[in-house]
Every structure is written in structure tokens, then in C-alpha cells.
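> Let me give you the structure first, and then I'll get to my questions.
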Amino acid sequence: MKIDPWSSANYQDYARLRDEFGIEEFTEDDWKDLPHPHKLLRRGIVFGHRNFEQVHDAIRKKKPWAILTGLMPSGKMHLGHKMVIDEVIYYQSIGADIFIAVADIEAFATRGLTLEETKALAVNEYIKNYIALGLKPENCHIYLQSENQDVKDMAYTLAKKINWSTMVATYGFDGSTNMAHIFSPLVQTGDILHVQLEKYGGVRPTLVPVGVDQDPHIRLSRDIAQAHRLYNVTVTKDNKIGVFVKVDKDVEKLLDNAEEILYKLNFKELKRIADYKAIYIQKAKEEDIPKIDELLAKSETKFGGYGFIQPSSTYHRFITGLTGDKMSSSKPESAIFLTDPPKIAAKKIMNAKTGGAVSLEAQKKEGGKPDECMVYELFLYHLIEKDKELQEIHTSCKNGQRMCGNCKKYAVQLMEKLLVDLQEKRKTAEGKIKQYLS
Ligand code: TRP
Ligand code: SF4
Numbered sequence: 093m094k095i096d097p098w099s100s101a102n103y104q105d106y107a108r109l110r111d112e113f114g115i116e117e118f119t120e121d122d123w124k125d126l127p128h129p130h131k132l133l134r135r136g137i138v139f140g141h142r143n144f145e146q147v148h149d150a151i152r153k154k155k156p157w158a159i160l161t162g163l164m165p166s167g168k169m170h171l172g173h174k175m176v177i178d179e180v181i182y183y184q185s186i187g188a189d190i191f192i193a194v195a196d197i198e199a200f201a202t203r204g205l206t207l208e209e210t211k212a213l214a215v216n217e218y219i220k221n222y223i224a225l226g227l228k229p230e231n232c233h234i235y236l237q238s239e240n241q242d243v244k245d246m247a248y249t250l251a252k253k254i255n256w257s258t259m260v261a262t263y264g265f266d267g268s269t270n271m272a273h274i275f276s277p278l279v280q281t282g283d284i285l286h287v288q289l290e291k292y293g294g295v296r297p298t299l300v301p302v303g304v305d306q307d308p309h310i311r312l313s314r315d316i317a318q319a320h321r322l323y324n325v326t327v328t329k330d331n332k333i334g335v336f337v338k339v340d341k342d343v344e345k346l347l348d349n350a351e352e353i354l355y356k357l358n359f360k361e362l363k364r365i366a367d368y369k370a371i372y373i374q375k376a377k378e379e380d381i382p383k384i385d386e387l388l389a390k391s392e393t394k395f396g397g398y399g400f401i402q403p404s405s406t407y408h409r410f411i412t413g414l415t416g417d418k419m420s421s422s423k424p425e426s427a428i429f430l431t432d433p434p435k436i437a438a439k440k441i442m443n444a445k446t447g448g449a450v451s452l453e454a455q456k457k458e459g460g461k462p463d464e465c466m467v468y469e470l471f472l473y474h475l476i477e478k479d480k481e482l483q484e485i486h487t488s489c490k491n492g493q494r495m496c497g498n499c500k501k502y503a504v505q506l507m508e509k510l511l512v513d514l515q516e517k518r519k520t521a522e523g524k525i526k527q528y529l530s
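Here's what the structure looks like:
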């Protein structure tokens, strides 16, 4: 199986995706001691991650960390697009530095939009809604790929460590793919890694919350980050922990530096073998690797390296469209747009596919199927904050006490509240946009 980030496929077999690509399951242990964990995290909608632990650790220890995500405008913003920004707003509330890339170069290269069209869509549609949804300007930077010279420079220089075969294997490119398209994952890597440059806050854990279709870019960014490191810390064949210098310049100085750091971490029994460009640590365990690696990474900038910490990621499920297939801007009846007038949204909800039985009679007897119901999904993802209330809806639906007609009306009511609130807040958003754009 291959994930194509530019196709409109709906990757939904989440367990298989985890298995096949080595994505970790996102479980209760990952969220339960975060401050006021967000519903998307609590409810299994965020289903997978790569190295979330490192971010979790930074949150726990109140150390700096960053969020970087991106958007490629494709028409109007709908509930599916809202999820990632809900996550971002949550992470902002618990102390993350926020960076949001407007992928105008990617849209130009892969969707045939001009840079101007992308910018207009991003500003008038997405950013306005982000502000209305509650994104704050403090520690928040929204930028256009085409206007960020550092991101573009990074894309070019980082590309040195990736070859054509890897790009073909990862993305399925061939001789007919245009070069701008081929280059766009490298620009995305520039997005993801530039936040660790000194100018943007320095080396620190970075979380990239995305849909799973973006995982190839995450793998690429993680590989590239690792490839640019000057040190590598691993378990050796004879089960020791070793620090290896990966470059040929300044080897002695790098070994001295590593020794000093290991000493400070209280690893005193070290065996340095210059010929192997290595230091073996006698009493370290595998669990010690992240903290050793983090300090080594941070020191690499002194030797002309980047010292990137491999970015972490989380993956959220896609919300199903109201019609039962994909929620898509190109099928208005499948999606609720954040700018939909409440009456229009109400109509879409009343026509939505539910998990109800064929007749009222049958539903009273057999119950409904909330897990196959698009209205329930609205509650789950967007409309109901309290887990207890959600649970009650689930139970009363399953045991046949709840009927679809009233249930939809309730969803309509809640949706109207949400949309009217956004409508109000969008009115003042326009004047604030400048505070976000860097
Ligand atoms: N490729 C993303 C999309 O299609 C947009 C994007 C650009 C992005 N840069 C990013 C996502 C960096 C996450 C991180 O929607
Ligand atoms: Fe869905 Fe509500 Fe009908 Fe249950 S009662 S199937 S949750 S609409």
C-alpha cells in the first residue's frame, strides 16, 4: 500500500495504516495527564502518532515546544478542516508556539492554483475562521510558503540528503511528474523543520498534527532531520548505548563535547574509541536515549549543524460526509461549511445518513447504530463537549429509546449555535488578520 497525499482517497483502515507504516496507536496513556485534554484526543479521533512521547515530556516539564501544521486551501472551509485547527487551538492553550504554513507553493505545483488565488482563499476563508474559532495572535505565526525565504532555503539545502530513488519509492513520482510538484514535499519539510532554527525559537520538540494522508511527508521530514544530525545515539550489537559521530569534520571536538554532556548527565563510565568515532556508555539504558539525544542535538548548532529533533506527529480520522462518503468541498451536500447559513446546514443534517432502522417500530425494537450514523459523528467530533452526554446519546440510541427525527433536530440546534457564533466572530476577525501573518 502507498499513501498518496495528493489523491482524494479516503484512508480509513486505521489499524492497518498503523501496522503497515509503523504508526503508534494514540491511547489513553498519551492524553490522560495532559491539561484538560481535548475531546478529539479523548475520543480516539486522534488515532495514531509518531513519537508523541517527546512532546508529552516537554509539556510535562514545561519546556518549550512547537506546533507546525499547514493548510492547502481547497475552496470553502468545512467541518473536516476544522478539526486540525481545533487541535492547534487546544495546544496553544497549553503553551505551544504555533506555526501555520499556507501551502501556496504546493497548491501552485499540484492543484493548478496561482499563488494569489491561494493567498486570497487562505486569508478570506481559512484564517478568518481560525480567528473566529479562537486562535490567539500571541506566539502564533501564519505565513505563506512563497513569502518565507528561510523555508525555501531550507527546502533546497535539506534536499542534499535525499535522493531520487527515495522520492520515487515514497511518492510514486515518475518521469512525467513536474519538477515543482516533485519539490513540494521538500518545501513541506522546510515548513516542518524551520521552526527549529535559532531565529524561530531553536531546537525543540515539534508536533505536526495532520490527517494520515500527510504521513509520507512526516516520514520524509523525520528521515531528513535525522540525516542532518552530527551525532547518532543507538543501542549497539552488544546491548550498550553508543554515541557516534556521523561526520568527518571536527571529530575530536565532537567527541569531547559529547563526553562533557554525558558527564553532566551523570554517565561517568565512558569508553571512547576515536577510530570508531564513538563513545560507549557503560551504565545507560535504552530509556536514557531521548534525553541524551536531545542535549546532543541542542549542542550541534555550535559545530555548524542544525541539531534537529525529529518532528513528532499525530493523525486524526477523517470525518465522514453527511451523505455517508467523503466530506468534500466539491460535494456541498456532504459537507457543512463554516460559512453555511444555519438554515442550509439544518437541511443537510435533516437529509443526512443515519444509523436508524427502517421503521420507527423496528428502531424501538432493535435500536439504532450510532457508530454508523453521520449525525452521531457530528456530536462526537464537533457538537458535544461532555463525554457523559455523548455516552447517553450512544446508549439511548442503541437501546431503541432515541429516535432519529428528534435526534437530528437536536443536532440542528447545536449546529445553529455553533454557526451563528462563528458568524458573529468572523465580523471582527478581518481587522485582526495582520496580527497573525508574519
Ligand atoms: N500538504 C498539506 C496539505 O495538503 C499542507 C501543508 C503544507 C502542511 N505544509 C505543511 C501540513 C506542513 C503539515 C505540515 O494539506
Ligand atoms: Fe443517529 Fe440519533 Fe438516529 Fe441514533 S437516533 S441513529 S444517533 S440520528
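First residue of the sequence shown: 93, per our numbering; consecutive thereafter.
By construction, the Cβ of each residue, glycine as well, lies at the ideal position given by its N, Cα and C atoms.
1. Going by C-alpha distance, which of D122, K131, S99, S100 is nearest E481?
2. Taking Cβ positions, are Q184 and L227 nearer each other than 8 Å?
3. Anything with a beta carbon under 5 Å from a heavy atom of the ligand SF4 counts; list them all in chain order.
4. Do D121 and the ligand TRP come close, with the Cβ less than 7 Å from some heavy atom?
5. Quick one: does the C-beta of I284 sit closer than 7 Å to a heavy atom of the ligand TRP?
6. What separation, rounded to the nearest whole angstrom, lies between the Cα atoms of A193 and K375?
7. Taking 7 Å as the cut-off, is the CB of V215 close to at least one heavy atom of the ligand TRP?
8. Can you determine whether any heavy atom of the ligand TRP sits closer than 7 Å to the C-beta of M164, and answer yes or no?
9. Answer with yes or no whether the minimum CB distance from E112 to chain D is below 8 Å.
10. Taking the alpha helix (DSSP H) that D196 belongs to, which residues open and close that run?
11. How many Å lie between A188 and V467 at the Cα?
12. At a cut-off of 7 Å, would you count V302 as near the ligand NAP, judging by its Cβ distance to the nearest heavy atom?
13. Within 10 angstroms of the Cβ of N240, are there 16 or more other Cβ atoms? Answer buried if so, exposed if not.
14. Looking only at its own chain, which residues have a Cβ that is under 7 Å from the Cβ of K461, when we skip the five neighbours before and after it?
15. Name the two residues that bound the continuous beta strand (DSSP E) containing P308.
16. Considering P297, what are the terminal residues of the beta strand (DSSP E) in which it resides?
17. How would you call K256, buried or exposed, if buried means at least 16 neighbouring beta carbons within 10 angstroms?
18. Given this structure, state the Cα-to-Cα distance separating D380 from V304, to the nearest angstrom.
19. For the structure I just gave you, are there three or more beta carbon pairs, one from the region 405-422 and one from the region 438-456, closer than 8 Å?
20. What would DSSP say about I254, mapped onto helix, strand or coil?
21. Note down the Cα distance separating I384 from D340, rounded to an integer number of angstroms.
22. Put T520 into one of helix, strand or coil per three-state DSSP.
23. Does the contact criterion of 3 or more C-beta pairs under 8 Å hold for the region 325-337 versus the region 358-372?
24. Is it the case that the Cβ atoms of N349 and S391 are separated by a distance below 8 Å?
25. Give me, in chain order, the residues of the same chain whose beta-carbon lies closer than 7 Å to that of L472; leave out the 5 immediate sequence neighbours on both sides.
26. So, do the region 167-179 and the region 256-273 have three or more beta carbon pairs nearer to each other than 8 Å?
27. Pull up the distance between the alpha-carbon of A437 and that of F113, whole angstroms please.
28. To the nearest angstrom, how far is the alpha carbon of H286 from that of K509?
29. Any idea what DSSP makes of H273, helix, strand or coil?
30. Among K220, R364, G399, D315, which has the Cα closest to the Cα of G293?
31. For D513 and A317, I'd like the C-alpha separation in whole angstroms.
32. For a test of your reading of the model: does the CB of A193 fall under 7 Å from any non-hydrogen atom of the ligand TRP? Yes or no.
33. Between Q288 and the rest of its own chain, which residues show a CB-CB distance below 6 Å, the 5 nearest in sequence each way excluded?
34. Give the C-beta separation of H233 and S421 to the nearest angstrom, bearing in mind that I take them to be a contact with Cβ-Cβ under 8 Å.
35. Is it the case that the CB of P97 approaches a heavy atom of the ligand TRP more closely than 7 Å?
36. For L213, I'd like the list of residues in its chain whose CB is within less than 6 Å of its CB, leaving aside the five on either flank, ordered along the chain.
This is what the structure holds:
1. K131
2. yes
3. T446, G447, G448, G460, P462, C465, V467, Y468, C489, R494, C496, C499
4. no
5. yes
6. 43 Å
7. no
8. yes
9. Protein chain content of the structure displayed is limited to a single chain, and chain D is not contained in it.
10. 196-203
11. 32 Å
12. This structure simply doesn't include the ligand NAP; it includes the ligand TRP and the ligand SF4 instead.
13. buried
14. G447
15. First-last for P308: 307-319, but that is the alpha helix (DSSP H), not the beta strand (DSSP E).
16. Element bounds for P297: n/a, residue is neither H nor E.
17. A small correction: the amino acid at residue 256 is Trp; Lys does not occupy that position in the sequence shown. Classification of W256: exposed, given that the 10 Å Cβ count is below 16.
18. 30 Å
19. yes
20. coil
21. 21 Å
22. helix
23. yes
24. yes
25. R135, L482
26. no
27. 37 Å
28. 39 Å
29. helix
30. G399
31. 41 Å
32. yes
33. V295, F400
34. With 8 Å as the limit, H233 and S421 do not qualify as a contact, their Cβ atoms being about 26 Å apart.
35. yes
36. P165
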